[in-house]
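In this note's numbering, the protein residues as written are 678 to 926. Here a beta-carbon is modelled for each residue, glycine too, at the ideal position from N, C-alpha and C. Have a look at the structure below before the remarks.
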Ligand code: ADP
Ligand code: MG
């Protein structure tokens, strides 16, 4: 994923003020910053859930959300943007599972109804994914019968069922009771070990230090500091990064 000088306003609210960011294939990149700094907006721009005002975002060399013609960008038809989005999985703070569907049905529904996979094949992959997230025994449970940590692991499995090239996580553990955070981070860590490209908005510093290849600190819609976890989290150069870290650590 490459973002080049991405700008975004909501009316008078100038939210992204020229974001540059590169995440190489297979890398895990953690994004942190105070509330309101534009992290969620930026993630949503990466899969074109939000338009951008200028700049560009590419995933695997393809411009997201726009078609290039001469030196101008034209917004893609929603159908084409949806097609690009199939390759980009997203996991939100709230689990967003369909409440009337079992864990298995939550995982099989997009492969079947969006990609046209057959039921048997979708079910086979879903069972593999349930095993990967440690919930093989919960296939027939409804979300209301699962803990928050289990629901979030199902949400990760559901995103993976579309076989994405890039996974975006927006504070995936911040709505969880503390004792459930670890099981979700463990699933994310094992996903990272498979070589998945991941952009993770999180304030879990232990995870960022252990798993991230790069860390980006954002404040006020700008990238303040970028580097290895060691550089950004242990020896931050900027006062704003230092002040933020002293509050979250
Ligand atoms: P963060 O995730 O870092 O907390 P956000 O990206 O959620 O920050 O928000 C950044 C700013 O953008 C905030 O001022 C927020 O109110 C504003 N914002 C986010 N989404 C919208 C929206 N859909 N419409 C209007 N303003 C929005
Ligand atoms: Mg946010």
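- Annotation for residue 858: the continuous alpha helix (DSSP H) segment containing it runs 855-870.
- Here DSSP, grouped into helix, strand and coil, assigns residue 886 to helix.
- Relative to the non-hydrogen atoms of the ligand ADP, the Cβ of residue 900 never comes closer than 7 Å to any of them.
- Contact annotation: the region 803-813 does not touch the region 732-739, with fewer than three C-beta pairs closer than 8 Å.
- The region 872-884 and the region 842-852 touch, with no fewer than 3 CB-CB distances between them shorter than 8 Å.
- Taking the C-beta atoms as reference points, residue 804 is found nearer than 8 Å to residue 816.
- Rounded to the nearest whole angstrom, the C-alpha separation of residue 837 and residue 830 is 11 Å.
- Residue 836: member of the alpha helix (DSSP H) spanning 825-837, first to last residue.
- In the structure shown, residue 771 adopts coil according to DSSP, grouped into three states.
- Residue 918 sits in a helix when the DSSP states are folded into three classes.
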